[in-house]
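**Q** First the structure, which I've put down as structure tokens, then a few questions once you've had a look.
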């Protein structure tokens, strides 16, 4: 064995060398880690630098005293301390996304949804090769979707819905083979769906609804065997649905509704090939053929929407679909008018979840099956109007205790109206008109105390009109015309002060007098008692119905003179008193009713001279034939001249001179009197009230000055574009009023005054602010002075309730859910009146919370008509292709988009403003709220939440009320938001009709009241 002598110095040297090497490696590793971590920290700080608004203060934690892995919303990996997730959700952040986000190379989750980010999605995101989830939904991001996103090959989720993204769908997305969810709904994408999207074999949700996509649906999408959600509705797709789509057996949601141009038929094995269907909607397209019998095999189906297509044939049995909640097949060609058309309804008897059935506007025949009476107690809407259904109403219909809308009009139903129907105490609308019902109206009908509309027109009903109808204290319209009712008109019905739309009793056999109690119908706009056997005189009390627009009394046995009290009906547009026994002279005040469009006095016993002013100037609008004693009038009436000849006496020269001198003196006196009157008027500032208005008070500039304590700031209750509003108490009367004093130095103020007078002088509705008088004079300094005097609203404006100013000495104002809904209905009723029940439709042009005033009962009244416009029938609803020479009307945030490009004002514009107002009422957010920056508005804000969590956008004051936290309230709020979105659609013709708004909101209120 050989031994070597070990040199201790060499051993020590070698040891030191290894130690140094080890330390150098550790330093190098540490240096590398610090550098990588610093890159993440800097990237996060750059992200923070792009944030312009942080109302929640979440970035306060992003400071040097705390490691970035502890910052709010930041998650790091344990091993390398690198950022793996950045989650800043629902924090109302504003700003743009920094390109430095691409430096977070370990990032797997980027979740920034439900904020207010603007700008583009930075293309640097493509550097995040480990990224798995990208969620930027509910922001205001614009530009195109970055095509280089394909570099993020690990992505399993892309969710960028509810933004302002545009351009075409990048074909590069199809290379993301791990992608499971692609949601780009509610953006502005155009073009077609790339066929290569069918290569994303892992995809289980393709959500592209509410864009501008067009073309055919690619058949390659049928290769997506894992797909469960297929949502392409509200686009412009056309052509056929590829058969391969109907073979995607895992699909739960198939929604291609509202494309309008998709054609073809449904495959016969639909329910077999798609057994997991939960939501199926193809409404508003051009499908033909029959509804396949196999639909019943889709036993999980809850929503079936086939409405507004061209389906024909029978509706198959739905017996196996026991989870069904909604079925809508209205407006098709279903049925054949035969007895067995409605057997499918019997198959729904065990469906305990059923809420709505809509089968109207088809060809269904046969009788309503008795099984209807055993339908789900959750059923609240049942409509089968405009069909050929015969027979009587099923016995036991009263079992549907939650029904609030029952529409069976325009069928061939017969028999009597069962008295048991009165047990449907949640009923809101009962439409049985256009049928063959006989018998009498059951007196129990008065138990329907929540009824808003009762239409029984065009049946064979007889007997007397039950006085119990007076118990229906919420009734807005009552139509009993075209029946065989007899006896007297019950005086009790005249106590229904809620009647504001229609009371139509025409074409019956009613006798007796028109009750004096008619004066209680102060809000009524349409009264028709024509073609009956009524007699007596027109009661003087009819003049109290000051909001009447149409009064029809023809073909009765009325007699006597036209009472002078009718001069109070300033808004009268149509008056027909023909074929009666009226006598006396035609009163001249009819010529001063400026809104009067049709006047028929023919075939009576009127005599004397026909007036020549106002409507009497129009021979086509004035009918006076058949009155032998009439004379004069305009030549076109072809009446004999009136003869008032008296014996002529010779006048000598001296008499003529005396007459001349007296005439001269009278003339001089008249001139001096006029000059004196003018001087006194200037001195005292005496106000004049126009005869054409509805003037109930006489006021002067001096009395207005006293009423407002010389326009004291203590009496100031509001300011507007053209003046200020003061609270005042008028001398003598002690009347508390609101006085709007115009600032005539402001351009447009005088025009605003004229517009408001023009709009309000002949309109009367319980939901419009009542104008008491106007003052147009000069003040003590000789300056022009104009003011309008309104009834005072003790609860102020809706603005003050939605956005109260914090006051130490006042209780905070808060409206509950039902109050807000009632206010919304009141405003809608006012718009309905202005748009549809005025002879000349009126567009308000400035609907907003500050112009909605609340009385002592919290009833809403629309006011401030300073921008209102009366429109002709030709442009009643024609907002396009017309220019507006007076500039944009309205207030920023409530102005419809078409006004901004010069379109003429129309009723569509008011509907848009109403939609914004409705959303504001229930979100508590103004359309100009700070959270709405460029690219985001109140409409988009609500739209996004409807598809996620709608309760997050509800006014917190409503969420604090425990009464509102139940499923019914939540469902109602969703329905209300849906109405608001429909009213504020970007294209005018897509907006909901205000009549439908009133009906739907009233239905929701009934549902809430039953909670």
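In mature numbering (1 follows the signal peptide of the UniProt record, and there is no 0), the protein residues as written are -36 to -1, 1 to 975.
Using N, Cα and C, we set each Cβ at its ideal position, and we do this for glycine too.
1) So, does the segment 741 to 760 touch the segment 874 to 886, judging by three or more C-beta pairs under 8 Å?
2) Taking the CB atoms as reference points, tell me whether residue 823 and residue 790 lie closer together than 7 Å.
3) Classify residue 813: buried if its beta carbon has 16 or more other beta carbons within 10 angstroms, exposed otherwise.
4) Give me the Cβ distance between residue 575 and residue 552, rounded to the nearest whole Å; I'm assuming they're in contact under 8 Å.
5) Give the straight-line distance between the Cα atoms of residue 564 and residue 686, rounded to the nearest whole angstrom.
6) Are residue 192 and residue 219 touching if we call contact CB-CB under 7 Å?
7) Quick one: what's residue 97 bridged to in DSSP?
8) Let me confirm a value: residue 140 is counted as buried when at least 16 other C-beta atoms fall within 10 Å, else exposed. Which label applies?
9) Can you name, in chain order, every residue of its own chain whose Cβ lies under 7 Å from the Cβ of residue 248, other than the five neighbours on each side?
10) Quick one: what does DSSP say residue 40 is sitting in, helix, strand or coil?
11) Which partner residues does residue 683 have in the DSSP bridge list?
12) When you compare the segment 33 to 47 with the segment 56 to 67, are there three or more beta-carbon pairs, one atom per stretch, that lie closer than 8 Å?
13) Is the beta carbon of residue 337 sitting closer than 7 Å to the one on residue 358?
14) In or out: residue 643 buried (at least 16 other Cβ within 10 Å) or exposed?
15) Roughly how many whole angstroms lie between the Cα atoms of residue 63 and residue 10?
16) Using a Cβ-Cβ cutoff of less than 7 Å, which residues in the same chain neighbour residue 239 once the five nearest sequence positions on both sides are dropped?
17) So the candidates are 226, 505, 561, 112; which of them puts its Cα closest to the Cα of residue 538?
18) Report all residues from its chain with a CB closer than 8 Å to the CB of residue 266; omit the five preceding and five following residues, and keep chain order.
19) Give a yes or no on whether the C-beta atoms belonging to residue 335 and residue 313 are separated by under 7 Å.
20) Skipping 5 residues on each side, what residues in its chain have a beta carbon closer than 6 Å to that of residue 84?
21) Hey, residue 507 and residue 530: beta-carbon distance below 7 Å or not?
22) Below 7 Å CB to CB, which residues in the same chain sit around residue 480 once its five sequence neighbours on both sides are set aside?
23) When you compare the segment 853 to 864 with the segment 90 to 97, are there three or more beta-carbon pairs, one atom per stretch, that lie closer than 8 Å?
24) Within 8 Å, do at least three Cβ pairs link the segment 754 to 771 to the segment 941 to 953?
25) Tell me which same chain residues have a C-beta within less than 7 Å of the C-beta of residue 977, skipping the five on either side of it?
26) Which whole-angstrom value describes the C-beta separation of residue 966 and residue 392, a residue pair presumed to lie in contact below a C-beta threshold of 8 Å?
27) Whole angstroms is fine: what's the gap from residue 956's alpha carbon to residue 891's?
28) Which whole-angstrom value is the C-beta distance of residue 373 and residue 401, which I expect to be below 8 Å?
29) Roughly how many angstroms lie between the CA atoms of residue 96 and residue 159, to the nearest whole one?
30) Less than 7 Å between the beta carbons of residue 155 and residue 132, yes or no?
31) By DSSP, does residue 354 sit in helix, in strand, or in coil?
32) Which word fits residue 345, buried or exposed, when buried means at least 16 other C-beta atoms lie within 10 angstroms of its C-beta?
33) Grouping DSSP H, G and I as helix and E and B as strand, with all else coil, what is residue 765?
34) Going by alpha carbons, who is nearest to residue 524 out of 501, 175, 478, 87?
35) Please say whether residue 689 and residue 702 have beta carbons closer to each other than 7 Å?
36) Count the other CB atoms, across all protein chains shown, that sit within 10 Å of the CB of residue 821; report buried if there are 16 or more and exposed otherwise.
**A** Taking the geometry as given:
1) no
2) As a working note, residue 823 is residue 859 in the chain shown. As a working note, residue 790 is residue 826 in the chain shown. Yes, the Cβ-Cβ distance between residue 823 and residue 790 is below 7 Å.
3) Within the chain shown, the letter at position 849 stands for residue 813. It is buried - the Cβ of residue 813 has at least 16 other Cβ atoms within 10 Å.
4) Translated into the one-based positions of the chain shown, residue 575 becomes position 611. Translated into the one-based positions of the chain shown, residue 552 becomes position 588. Contact between residue 575 and residue 552 holds, with the beta-carbon distance rounding to 5 Å and staying under 8 Å.
5) Working through the chain shown from its first residue, we reach residue 564 at position 600. Working through the chain shown from its first residue, we reach residue 686 at position 722. Distance between the alpha carbons of residue 564 and residue 686: 42 Å.
6) Within the chain shown, numbered from 1, the residue matching residue 192 stands at position 228. Within the chain shown, numbered from 1, the residue matching residue 219 stands at position 255. No, they are not a contact pair.
7) What you label residue 97 is simply residue 133 of the chain shown in a count that begins at 1. Residue 97 is bridged to 73, 121.
8) To locate residue 140, count along the chain shown from 1; it is residue 176. With 16 or more Cβ atoms within 10 Å of its Cβ, residue 140 is classed as buried.
9) One-based indexing of the chain shown puts residue 248 at position 284. Counting only Cβ-Cβ distances below 7 Å, and skipping sequence neighbours, we find 221, 222, 224, 272.
10) Here residue 40 corresponds to residue number 76 of the chain shown, with the count starting at 1. Here residue 40 sits in strand by DSSP.
11) Start at 1 with the first residue of the chain shown, and residue 683 comes out as number 719. In DSSP, residue 683 forms a bridge with 688.
12) no
13) Here residue 337 is taken as the residue at index 373 of the chain shown, counted from 1. Here residue 358 is taken as the residue at index 394 of the chain shown, counted from 1. A contact, by the Cβ cut-off of 7 Å.
14) If you number the chain shown from 1, residue 643 lands on position 679. Any answer about residue 643 is weak, because its pLDDT of 44 lies below 50 and its placement is not dependable; what the coordinates show is given next. That one is exposed.
15) The residue given as residue 63 occupies position 99 in the chain shown. The residue given as residue 10 occupies position 46 in the chain shown. Each residue's Cα considered, the two are about 9 Å apart.
16) Looking up residue 239 in the chain shown gives position 275. Excluding residues within five positions, the ones whose Cβ falls inside 7 Å are 213, 261, 262.
17) Walking along the chain shown from the start, residue 538 turns up at place 574. Comparing Cα-Cα distances from residue 538 to each of 226, 505, 561, 112, the minimum goes to 561.
18) Sequence index remark: in the chain shown, residue 266 carries index 302 (1-based). Once the five neighbours on either side are set aside, the close Cβ partners of residue 266 are 242, 243, 287, 288, 289, 290, 317.
19) The residue given as residue 335 occupies position 371 in the chain shown. The residue given as residue 313 occupies position 349 in the chain shown. Cβ atoms of residue 335 and residue 313: closer than 7 Å.
20) Mapped onto the chain shown, residue 84 falls at position 120. Once the five neighbours on either side are set aside, the close Cβ partners of residue 84 are 107.
21) Position 543 of the chain shown, counting from 1, holds the residue named residue 507. Position 566 of the chain shown, counting from 1, holds the residue named residue 530. Yes.
22) For the purposes of this step, residue 480 is taken as residue 516 along the chain shown, with counting starting at 1. So the list reads 503, 505, once near-sequence residues are dropped.
23) no
24) No, they do not touch.
25) The first residue shown for the chain is -36 and the last is 975, placing residue 977 beyond what the model contains.
26) Within the chain shown, the letter at position 1002 stands for residue 966. Within the chain shown, the letter at position 428 stands for residue 392. The Cβ separation is near 6 Å, so the contact holds.
27) For this step, residue 956 is matched to residue 992 along the chain shown. For this step, residue 891 is matched to residue 927 along the chain shown. Rounded to whole angstroms, residue 956 to residue 891 spans 20 Å at the Cα level.
28) Against the chain shown, residue 373 aligns to sequence position 409. Against the chain shown, residue 401 aligns to sequence position 437. Not quite, the Cβ-Cβ distance comes to about 11 Å (not below 8 Å), so this is no contact.
29) Here the question's residue 96 lines up with position 132 in the chain shown. Here the question's residue 159 lines up with position 195 in the chain shown. Those two C-alpha atoms are separated by around 24 Å.
30) Taking the first residue of the chain shown as position 1, residue 155 is located at position 191. Taking the first residue of the chain shown as position 1, residue 132 is located at position 168. Yes, Cβ-Cβ distance for residue 155 and residue 132 is below 7 Å.
31) On the chain shown, residue 354 is found 390 positions in, with the first residue counted as 1. Strand.
32) The residue labelled residue 345 in the question sits at position 381 within the chain shown. Buried, since its Cβ has 16 or more Cβ neighbours within 10 Å.
33) For the purposes of this step, residue 765 is identified with residue 801 of the chain shown, where counting begins at 1. The answer is helix: DSSP assigns residue 765 an H, G or I state.
34) Translated into the one-based positions of the chain shown, residue 524 becomes position 560. Per the Cα distances, 501.
35) To locate residue 702, count along the chain shown from 1; it is residue 738. To locate residue 689, count along the chain shown from 1; it is residue 725. Yes, these two residues count as a Cβ contact at 7 Å.
36) One-based indexing of the chain shown puts residue 821 at position 857. Classification of residue 821: exposed, given that the 10 Å Cβ count is below 16.
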